[in-house]
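K.L.:
My questions all concern the structure below.
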Amino acid sequence: MTVLITGPDTDGLGDALSDLGADVVRVDGVATRDTIADAGVDTADTLVLTDMDDASVIPVAREANPDIRVVAYSRDSLPEYARGQADLAVDPDLLAAEVVAEELVGA
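All the letters of the sequence shown, read from the start, carry residue numbers 1 to 107 under full-length UniProt numbering.
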């Protein structure tokens, strides 16, 4: 399983996913068509957004990979235009990174 993470990962979701065997690829800087393409969005299983400023990349990711699962893991709300495009939105204050990682990996 390959997971792309955009934005800061201050809650440790990437580490929790790695601990369960997922390949985690971090997208540095602003998530754009080029940065997610370079990170391998076309073959990734999941895209995790931790910064809702990156939400505009969701349709770009779906265009490159229609089967990608999109997860928002942030204390901030998804912008209204992106709410119907994400598969899951989770507040780190409600579910710890380890719990979310287990759900995403299927452990």
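Glycine included, C-beta positions come from ideal geometry on N, C-alpha and C.
Helix, strand or coil: how does DSSP classify L78 here?
P.N.:
Your numbering for residue 78 matches position 78 in the sequence shown. L78: coil per DSSP, three-state reduction.
K.L.:
Taking a contact to mean a Cβ-Cβ separation below 7 Å, would you say D23 touches T2 in this structure?
P.N.:
Here residue 23 refers to the residue found at position 23 when the sequence shown is read from its first residue. Here residue 2 refers to the residue found at position 2 when the sequence shown is read from its first residue. The answer is yes: Cβ separation under 7 Å.
K.L.:
According to DSSP, which residues form a beta bridge with R26?
P.N.:
By one-based count along the sequence shown, residue 26 stands at place 26. DSSP lists I5 as partners of R26.
K.L.:
Please list the segments of the beta strand (DSSP E) lying wholly inside the region 34-85, counting only runs of 3 or more residues, in order along the chain.
P.N.:
Qualifying beta strand (DSSP E) stretches, in chain order: 46-49, 69-73.
K.L.:
Quick check: the Cα distance between V99 and L88, rounded to an integer number of angstroms?
P.N.:
Residue mapping note: residue 99 aligns to position 99 of the sequence shown, counting from 1. Residue mapping note: residue 88 aligns to position 88 of the sequence shown, counting from 1. Using only the alpha carbons, I get a separation of about 14 Å.
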